[in-house]
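Heads up: the structure comes next, in structure tokens.
Number of protein chains: 2
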Amino acid sequence: MADQGSSITPRAEDYSQWYLDIIAQAELADYTPVKGCMVFRPNGFAIWDLMKCDLDQRFKDTGHVNAYFPLLIPVSFLSKEAQHVEGFAKECAVVTHHRLRAAAGGGVEPDPASKLEEPLVIRPTSETIIWHMYGQWIQSWRDLPILINQWANVVRWEMKTRPFLRTAEFLWQEGHTAHATSQEAVEETLRMLDVYEAFAKDVMAMPVIKGVKSSSERFAGALDTYCIEALMQNGWALQAGTSHFLGQNFAKAFDVTFQAASGEREHVWATSWGVSTRMIGAVIMTHSDDTGLVLPPALAPVQVVITPIWKSDAEREIVLGHAEKVRKALTPAFRVKVDARDTVKPGAKYFEWERKGVPLRLEIGPRDAAGDSVFAAPRIPLLARGGKKFGIPAATVADGVREVLAEIQQALYDAALERRASTMRTPTAYDAFKADIEKGGFVQVSWADDAANEETIKEETKATIRCYPLVGQEAAVGTTCFYSGRPATHIALFARAF
Amino acid sequence: MADQGSSITPRAEDYSQWYLDIIAQAELADYTPVKGCMVFRPNGFAIWDLMKCDLDQRFKDTGHVNAYFPLLIPVSFLSKEAQHVEGFAKECAVVTHHRLRAAAGGGVEPDPASKLEEPLVIRPTSETIIWHMYGQWIQSWRDLPILINQWANVVRWEMKTRPFLRTAEFLWQEGHTAHATSQEAVEETLRMLDVYEAFAKDVMAMPVIKGVKSSSERFAGALDTYCIEALMQNGWALQAGTSHFLGQNFAKAFDVTFQAASGEREHVWATSWGVSTRMIGAVIMTHSDDTGLVLPPALAPVQVVITPIWKSDAEREIVLGHAEKVRKALTPAFRVKVDARDTVKPGAKYFEWERKGVPLRLEIGPRDAAGDSVFAAPRIPLLARGGKKFGIPAATVADGVREVLAEIQQALYDAALERRASTMRTPTAYDAFKADIEKGGFVQVSWADDAANEETIKEETKATIRCYPLVGQEAAVGTTCFYSGRPATHIALFARAF
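For the record, the sequence lines run as chains P and Z.
Throughout, this note's numbering is defined as the position within the first sequence, counted from one, plus 15.
Throughout, this note's numbering is defined as the position within the second sequence, counted from one, plus 15.
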């Protein structure tokens, strides 16, 4: 990615290339010699760090604690839960040896003498190893609930990859909770879905639709998979987080029972829920434009860049002094950087920080210094400000910046919401449906649940059921399926998806 | 570990078992079915989270940024640096396949059709993959320095493991920096050693000795390995962190050059530095006692536990109300928990929280509530307080707690320092040396650097050179080696070590 020059392909021309250009130009990620694995460069990783920090607090606020389970899982564990083996025991990185030796032709090779008795897989997800451990820890109802989250790397061997969105190795958090009753587990599943929705909205400035997956899109081993679905600028959907009600499937597979208050032994109820570095892709694709990366202030590693402008040495001293005063006034409330490089022209600095998605630039020239103010240039035009640059008095710069950043955060959310609303279509027949799918955006229909029909539609239109939205299902009652004409069972949201 | 009952083996009886008992009783870790891999249970992982948070800020304060590189490394990379292959290309987890298939006898097995052309190893450390990437990123002196840190899991296949101290998979941070000059790289190496020393002292309450390794203990691929060495309660040393000056070894192996300001192409200079979850083991073994875990307040996930005591329901209401008031006064400045369980007797609560290492217990009975105070019971006796429990007025409880926690933090450090000083010995002959090594503690000697002699001493006494301390080397001048009688080249610190 590092060698693609400094131009960004417009979205209208080639959306996929635009996405890759944004990532390269903002130095968010890079390819590696390991197939399917990427490097999170500092600018990209800092976004994940901010996401992690915010989410971790939300998990703690809802009673969860962090733990860490092994990276490696015995292969036999994957086949213990029947559906799980179907879903996950396939494209995995398999560890078969534990030693290298010098190879005859130079270099090194796996030492045959070090072959493992049982191969290990790098976790594609950790339900199996975690439920094995829960089996050791849970004896009675007093040990429940267990509310554990793990921040970890996982590997799923992917042939077709796209930075952040689909890579062999990715980073994520996986919550794994154990409960005494079905009801408690369902409540937990929905609670965490709400946490994800609030995070997407408040931090990512990304509107999402909460829903439940159809059986064909359900997580391998779950009774119900809930999700949040977002809409990207090219009209494709993106699943941004999932929360699974696992019932007693894993408890039964790993024989995890507890003594209920009644004295009876019962199987434990489970949930799991996760979001991943795919969310970085989601935030890039939700907000960025043809100039470069656009980040919501809450996720911007640098929220404010101060660019001093001077001609003479005398001006330089005054302007840098003023810039430093402003920086101090904004620290530590905001993540601020002063770009005092004298090897780069102001215009080139503007261009660079716009490309890198810094939400707010504060220009400081001799006149601003003299007038004890700064000149504010938001990364996106703010309608309430006439879409123009504007001055902020230096004396109240922290308040001014707080206000502008809040406006930017809100404007990004509003724009994404408006985009989703304006492309939401509700056809009642398959022909209209097909045309609507071509246009992009969510397509909402009355639907009679049927996996075979779902498969046919996917083959013919490349669209899948993103979810049955949690809100508004009552509208299905008394309507007929747009595809089969049978009585509708659900309101379904279709779209092409990443 | 979960099933070893609730008693802790005294240190004097069996130090190794004591360590395992502490871990089990405080629920810090557990064994897993994966050989050499452990679970970090929530109580243990929370210590790591606190360490990480503090260290991460220190890294940022010294100009570093985080990034994330792939878990998997092509085997050929490991053999590019001659010494590195010796040190690391051996006991590694080797990934050879990327798919499982149903096995004839049930279960799953690696699919032979998915065999990788080139095997991958799970990173034992990331110099090779990182220097490959630096080769893509570094063109000119303007690209330098690169100051990157990574928080990651690594795997080194270990046969003999001990929770936290030595496990196949462990968590760590690895800093990898690239510089234009040797001098800058050496300065960075020593700067990070100072960061580790300050962290060990201020946060872990653990005195350490900074030094440089002898050639036989040097990191594979480094020109110099610096370390911090701590002393555990059984008189063994523990290497708690390392900082390596790598010279141009990796830059040469991966052909990473830059155009200097002079116009010439030169190889880049490198450092790497890391601390790991082994530090959790270090902090446990530095401070804990026969009652259970002892944690310095800076690393205690729960710093203050409030234990209300009541007999009647009326008392219960008053006492819990008072406890809640105190909790609020201490939040969020401190990590506080109120133990209001009515199924557990106060004595059992005291015992439990002592075992789990909570630095300060605040007892609140009806008399304390009436007197608007709390009764403070530090986890370790504070000499300045006569080693007894004492009252703190509720009105100033936050100040009172801050003071007590600072006293505990200091007392732990002082005790560890005193222990180290009182066991430090300086023999001048090999017989005395052997006797001193048997006693435990650091043994400081005049030494003529010689790898063969070092090996003999290790075989005969199980002691190794922990380091040549950075401070006090001038004392070697004019003295003779305690072992060979030759003119001393160094002051060396020997000890048996974990």
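All residues carry an ideal CB built from backbone N, CA and C; glycine is no exception.
Predicted model, so just to flag it, every value in this text is computed and none were measured.
Check whether Z/Leu-135 and Z/Val-100 have beta carbons under 8 Å apart: no
8 Å Cβ cutoff, Z/Asn-168 in contact with chain A: No chain A appears in this structure, whose protein chains are P and Z.
Three-state secondary structure (DSSP) of P/Gly-102: P/Gly-102 falls in the helix class under three-state DSSP.
Z/Trp-259: first and last residue of the uninterrupted alpha helix (DSSP H) it sits in: Reading off the sequence, residue 259 of chain Z comes out as His, not Trp. No alpha helix (DSSP H) holds Z/His-259; the beta strand (DSSP E) holding it covers 252-262.
Neighbourhood of P/Pro-396 by C-beta, 7 Å cutoff - its chain only, sequence neighbours within 5 removed: Excluding sequence neighbours, P/Pro-396 sits near Gly-402.
Member of Z/Ile-224, Z/Thr-196, Z/Glu-378 whose CA lies at the smallest distance from the CA of Z/Gln-263: Z/Thr-196
Chain Z contacts from the segment 461-480 of chain P (Cβ-Cβ distance under 9 Å): none
Which listed residue (P/Glu-173, P/Arg-394, P/Gln-198, P/Gln-165) has its alpha carbon closest to that of P/Gln-188: P/Gln-165
Cβ neighbour criterion (16 or more within 10 Å) applied to P/Ala-315: buried
For Z/Ser-230 and Z/Glu-455, the rounded distance between their alpha carbons: The displayed chain sequence assigns Gly, not Glu, to residue 455 of chain Z. If you take the alpha carbons of Z/Gly-455 and Z/Ser-230, they lie about 24 Å apart.
P/Ser-291, buried or exposed, once every other Cβ within 10 Å from all chains shown has been counted against 16: Residue burial annotation: P/Ser-291 is buried, with at least 16 other C-beta atoms found within 10 angstroms of its C-beta.
Partners in chain P for Z/Phe-55, counting only beta-carbon separations shorter than 7 Å: Ala-82, Tyr-83
Z/Asp-18 versus Z/Ala-355 - alpha carbon distance: Confidence is the limiting factor: at Z/Asp-18 the pLDDT is only 40, short of 50, which leaves the residue's position unreliable and the question unanswerable from this model.
Cβ of Z/Glu-142 within 8 Å of any chain P Cβ: For Z/Glu-142, the nearest beta carbon of chain P is not closer than 8 Å to its own beta carbon.
P/Pro-316 - partner residues in DSSP beta bridges: Beta-bridge pairing links P/Pro-316 to no other residue.
Bridge partners - P/Tyr-483, DSSP secondary structure assignment: P/Val-227
Beta-ladder partner(s) of P/Val-169, from DSSP: P/Phe-185
is_contact[P/Trp-172, chain Z] using C-beta, thresh 8 Å: yes
Three-state secondary structure (DSSP) of Z/Tyr-498: coil
Simplified DSSP assignment, three categories, for P/Gln-242: In the sequence as presented, Gln is not what sits at residue 242 of chain P; that position holds Cys. Strand, per DSSP.
Three-state class that DSSP yields for P/Glu-28 in the structure shown: In the three-state DSSP reduction, P/Glu-28 falls in the coil class, being neither helix nor strand.
Cβ pair P/Phe-273, P/Trp-146 closer than 8 Å: no
Cβ-based neighbour list, Z/Leu-87, same chain, cut-off 8 Å, excluding 5 preceding and 5 following: Val-110, Leu-135, Val-136, Ile-137, Arg-138
Beta-carbon gap between Z/Gly-362 and Z/Ala-41 smaller than 8 Å: No, these two residues do not count as a Cβ contact at 8 Å.
Neighbourhood of Z/Glu-369 by C-beta distance below 7 Å, restricted to the same chain and skipping five residues each side: Thr-306, Gly-307, Arg-394
Inter-residue Cα distance where the pair is P/Phe-517 and P/Pro-502: Shown here, chain P extends from 16 to 513; a query on residue 517 of chain P therefore has no answer.
At least 3 beta-carbon pairs within less than 8 Å: the segment 470-485 of chain P vs the segment 224-238 of chain P: yes
Under 8 Å between C-beta atoms of P/Trp-284 and P/His-259: The answer is no: Cβ separation not under 8 Å.
Inter-residue Cα distance where the pair is P/Gly-78 and P/Glu-203: 11 Å
Endpoints, alpha helix (DSSP H) assigned at Z/Phe-273: That residue, Z/Phe-273, is in no alpha helix (DSSP H); its beta strand (DSSP E) goes 272-274.
Per-residue DSSP class, three states only, for P/His-302: helix
N- and C-terminal bounds of the alpha helix (DSSP H) containing Z/Ala-216: Reading off the sequence, residue 216 of chain Z comes out as Lys, not Ala. Start and end: 197-217.
Per-residue burial, P/Thr-286 [other beta carbons within 10 Å of its own, 16 or more giving buried]: In the assembly as shown, P/Thr-286 is a buried residue. Its beta-carbon has 16 or more other beta-carbons within 10 Å.
Other residues of its chain near Z/Ala-507: CB distance less than 7 Å, five sequence neighbours each side excluded: Cβ neighbours of Z/Ala-507 beyond the five flanking positions: Val-460, Trp-462, Ile-480, Tyr-483.
First and last residue of the uninterrupted alpha helix (DSSP H) at Z/Gly-362: 361-370
Residues that P/Lys-175 contacts on chain Z, provided the C-beta gap is smaller than 8 Å: None at all; the shortest Cβ gap to chain Z is about 14 Å.
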